[in-house]
Amino acid sequence: FMLPIWALFTHHFMLQEPFWYYVAARAPYFLLYLISNKIVTDKLHTFKVFQAQAGLFAVYFNAFFAALFSKKELPKYKVTAKVAQKQNLWSRLSKCMPHIILIALSIASSIYGIMTIKNDFWFLVINIFWAGWTVSVLWRFAALSLFPKWFIK
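Numbering (my numbering), first residue to last: -2 to 150.
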């Protein structure tokens, strides 16, 4: 999520190889992801599934390290307490703040890139595309966290 933001703010792509090397290196990963996602999520809306996977990245990341460092015993499991009271907007806002920050940085970097990058059209287009992709992946989680009554009926 950070590559296009970094590129648009600094006017430098983090990888210093030609663009086509990047595409060639990322294409097999992207194709394998699409194939494996199709197998695992048969007959489901793929983009919504991907949004769920992206939104739960921190959970998967923490679970990976918990499993990795607990070789001789099972990882500790903490039962989540049921929430009896409704949470206010500020409480919900604090829980989805990383998503909101990434969305805001993606939008700000796109605007900054449009205003300042004049001599490298494709650099601008590619990075704005990926910044837009970041927004499209994360906005539902932020909106659902902040305003659940609007989306859950």
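Even glycine gets a Cβ: it sits at the ideal position worked out from N, Cα and C. In this text the structure is predicted, and so the values were computed from the model without any measurement.
For the 8 Å CB-CB criterion, residue 2 and residue 88 do not form a contact. Here DSSP, grouped into helix, strand and coil, assigns residue 15 to coil.
Between residue 93 and residue 138, the gap from beta carbon to beta carbon is short of 8 Å.
Judged by their CB atoms, residue 135 and residue 99 are nearer to each other than the 8 Å cut-off. Distance from the CA of residue 56 to the CA of residue 84, rounded to the nearest whole angstrom, comes to 21 Å.
In this model, residue 53 and residue 59 are separated by some 10 Å (Cα to Cα).
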